[in-house]
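This report concerns only the one structure given below.
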Amino acid sequence: MSNSHHGSSKGNRHQEPLYETDIPTPSHAERAHTLAAAVGTASLCTLTQAIPDADFEADGYPYGSFVTYGLEGGNPVFLISTLAEHTRNLLGDSRASLIIAEAGEGDPLARARVTLVGRAEQLTAENNDTAKEIFLTAHPGAAYYADFNDFSFWRLNVEAVRYIGGYGRMSWVPIDEWRTSRPCPIAASSDRIIAHMNADHADTMVLYCDAFTKATETAVASMTAVDRYGFEMSVETEQGPRPIRLPFTKEVGTAKEVRIELVDLAKRARQQLGAQS
4 MSNSHHGSSK
14 GNRHQEPLYE
24 TDIPTPSHAE
34 RAHTLAAAVG
44 TASLCTLTQA
54 IPDADFEADG
64 YPYGSFVTYG
74 LEGGNPVFLI
84 STLAEHTRNL
94 LGDSRASLII
104 AEAGEGDPLA
114 RARVTLVGRA
124 EQLTAENNDT
134 AKEIFLTAHP
144 GAAYYADFND
154 FSFWRLNVEA
164 VRYIGGYGRM
174 SWVPIDEWRT
184 SRPCPIAASS
194 DRIIAHMNAD
204 HADTMVLYCD
214 AFTKATETAV
224 ASMTAVDRYG
234 FEMSVETEQG
244 PRPIRLPFTK
254 EVGTAKEVRI
264 ELVDLAKRAR
274 QQLGAQS
């Protein structure tokens, strides 16, 4: 995978990592797939078709629409009105892209987003059963109009994926990796885990830093992310906030397994610090 990096300030460009970087980390394909599976809303970009009564020559312009979607493997499926402008555009030119963005507070450019590029395919009533089930599972309120004659299911057959995880973390994801990757199994629990650790176990995260990283003098550490392979923290240093990542002993699949790993890590940290004293 070829990664592109930019946006580092001069102050931190040459800083040595505070942790061992050769540890399991989600691939960009996994991060992108996790984001796409979690969000469910996006901007669909299609190419305008000639409009006879338009005030300008509208043919071929990028046209953005807000849509909801479900994910069929690595391909988004939509339920859209036949009266919508983007449907008219897709019938004239199937090329399209979908941009999915992570919600949250703070700097929006520091949050993750993924752009899926491909060709859209209109599904018939005879071959849309899977797409319909996936879409209505994600958006049960759409069941009211899913069978209306003026609505139809579409699938974006993804041909290229661009992932941006925030400043300095971006790449074109190899399409084979996108198609075989799977969302993180603990994604739905991650916010709760992070909130619990930051509210109730801030001292434990400082303990992790003292035992397993070079940030041995920090007094403040907060969890910022957790996934199947490990977790990430932000620590306060004299140079400002710095990132830390620590691995689990094995890949986890549930919130309970995350708790077991974190408790075990705290036990090992105390043992290691006790042996050093």
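The opening position of the sequence shown corresponds to residue 4 in my numbering, with each subsequent residue numbered one higher. The C-beta atom is built at its ideal place from N, Cα and C for all residues, glycine as well. Since this is a predicted model, take the numbers as computed values, not measurements.
Option in the options with minimal Cα separation from residue i
i	options	result
glutamate 75	Leu159, Thr227 and Arg114	Leu159
aspartate 213	Asn201, Gln279, Pro250 and Ala198	Gln279
tyrosine 22	Ile247, Arg273, Ile263 and Ile54	Ile247
threonine 24	Lys253, Phe154, Glu235 and Ala104	Glu235
alanine 258	Ala272, Ala134 and Ile197	Ile197
Paired residues, beta bridge with residue i - DSSP
i	result
glycine 121	Ala99 and Val161
valine 176	Val164
Residue i burial status per 10 Å Cβ neighbour count (16 or more: buried)
i	result
serine 84	exposed
asparagine 6	Here asparagine 6 scores only 45 on pLDDT, less than 50, and its place in the model is too uncertain to base an answer on.
phenylalanine 156	buried
tyrosine 72	buried
threonine 183	exposed
valine 261	buried
threonine 51	buried
tyrosine 211	buried
methionine 4	With a pLDDT of only 41 at methionine 4, under 50, the local geometry of the prediction cannot be trusted, and the value read off the model is given with reservation. Counting Cβ neighbours within 10 Å, methionine 4 comes out exposed, since fewer than 16 surround it.
leucine 82	buried
isoleucine 54	exposed
phenylalanine 59	exposed
alanine 106	exposed
glutamate 264	buried
Close beta carbons around residue i, own chain, < 8 angstroms, minus the five adjacent residues each side
i	result
asparagine 250	The sequence shown places proline at residue 250, not asparagine. Closer than 8 angstroms at Cβ, skipping near neighbours: Ile26, Pro27, Tyr232 and Gly233.
aspartate 132	none
leucine 93	Thr49, Ala99, Ala123, Gln125 and Trp157
glutamine 18	Gln242 and Arg245
Beta-carbon contacts of residue i that lie in its chain and below 7 angstroms, excluding the five residues immediately before and after
i	result
glutamine 275	Ala214
Neighbourhood of residue i by C-beta, 6 angstroms cutoff - its chain only, sequence neighbours within 5 removed
i	result
proline 79	Tyr72, Leu101 and Leu159
methionine 200	Met226
threonine 118	Ser100, Ile102 and Arg165
**Report entry** the stretch 263–270 touching the stretch 202–211, judged by at least three CB pairs closer than 8 angstroms
**Finding:** Yes, the stretch 263–270 touches the stretch 202–211.
Query raised in the report: Is there contact here, the stretch 111–122 with the stretch 65–73, by at least three beta-carbon pairs under 8 angstroms?
Result: As far as the Cβ criterion goes, the stretch 111–122 does not touch the stretch 65–73, which means the pair count is below three.
Report task. Taking 8 angstroms as the threshold, find out whether the stretch 183–194 comes into contact with the stretch 144–156 through three or more Cβ pairs. Result -> As far as the Cβ criterion goes, the stretch 183–194 does not touch the stretch 144–156, which means the pair count is below three.
Requested in this report: Tell me, please, whether the stretch 176–189 touches the stretch 216–236 by the rule of three or more beta-carbon pairs shorter than 8 angstroms.
Outcome: With contact defined as three or more Cβ pairs closer than 8 angstroms, the stretch 176–189 and the stretch 216–236 are in contact.
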